[in-house]
Each structure stands twice: as C-alpha cells, then as structure tokens.
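Structure record follows, encoded as structure tokens.
Spelled out as structure tokens, the structure:
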C-alpha cells in the first residue's frame with residue numbers, strides 16, 4: 007500500500023483523471039453513505055453525489071494540484087484525510103483556486119471516500 011502520502015498522491019491523480027474523462031465512473035470512488043459538501047450545499051449518498059457531479063455545467067475540466075496534505079486517521083488503520091489545494095480550469099473560463107478535503111477509508115478491499123468537501127477559493131470584497 008505504501009505510505010499515506012503515496013496513497014494520497016495516487017488517489018488524487020486517479021480521482022481527478024476520472025473526473026476529467028468520465029464523471030459517472032466517480033461512483034466507484036464513493037461509499038454508498040458518503041457525504042459531500044459542495045460550495046456549502048450538503049449532499050448525502052453515493053447516487054445523489056454522482057448526480058451533483060454529473061450536473062455541473064461544464065464540459066471540459068482540469069484540476070491542477072498545487073499541494074497535497076495527508077494525515078493518517080489514528081482510529082482506523084489505512085484511513086486517511088486528504089487536503090488538496092489547486093486550480094480548477096473549466097471550458098474557456100479563467101482558472102479558479104480550489105480546496106478539497108477527502109476522508110478515505112479502506113472498505114471491502116479498496117479505499118472509498120466517506121466525506122468530501124469542496125470549495126472554490128473565491129473572495130468577495
């Protein structure tokens with residue numbers, strides 16, 4: 007399995023690559039009871055999360071990762087908390103900063119997202 011940092015890096019590359027190429031396939035990443043907070047809106051359950059991600063109003067997307075911070079979860083062997091900071095590029099829009107935090111647990115022989123929080127780093131003056 008490697009270190010938590012190795013797991014976090016591999017996860018982010020695979021997740022964002024899938025997000026860019028085949029958003030419906032992200033369903034495999036989420037636990038059936040997973041929770042997503044997307045720009046403040048709370049979404050519960052694998053199907054509702056995927057419906058939200060599929061409905062996002064852009065065709066092309068690229069997540070450019072700047073930093074990845076990873077911590078193991080002490081109470082659950084193999085689980086990690088992953089914080090990702092980067093830039094989101096969609097269609098022909100200017101890039102926006104984003105932060106995303108995942109809690110990933112080892113479940114049924116794979117690692118699944120149980121919590122996901124996403125926010126653009128926009129500042130209103």
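Numbering (the working numbering), first residue to last: 7 to 131.
Beta carbons are placed, not taken as given, at the ideal position from N, Cα and C, and that holds for glycine.
The model shown is predicted, which means the values in this text are computed figures rather than measured ones.
{"query": "Assigned secondary structure, residue 25 (DSSP; H/G/I helix, E/B strand, else coil)", "result": "helix"}
{"query": "Residue nearest to residue 16 in terms of C-alpha spacing, selected from 114, 86 and 52", "result": "86"}
{"query": "Residue 42 versus residue 74 - alpha carbon distance", "result": "19 Å"}
{"query": "Neighbourhood of residue 66 by C-beta, 6 Å cutoff - its chain only, sequence neighbours within 5 removed", "result": "97"}
{"query": "Enclosing alpha helix (DSSP H) for residue 57 [first to last residue]", "result": "52-61"}
{"query": "Alpha carbon of residue 55 to alpha carbon of residue 25, nearest angstrom", "result": "13 Å"}
{"query": "Residue from 101, 120, 64 and 103 with nearest C-alpha to residue 110", "result": "120"}
{"query": "Exposure of residue 53, with buried meaning 16 or more beta-carbon neighbours within 10 Å", "result": "exposed"}
{"query": "Pair within 8 Å by beta-carbon distance, residue 105 and residue 91", "result": "yes"}
{"query": "Whole-angstrom distance between residue 9 and residue 76, CA atom to CA atom", "result": "10 Å"}
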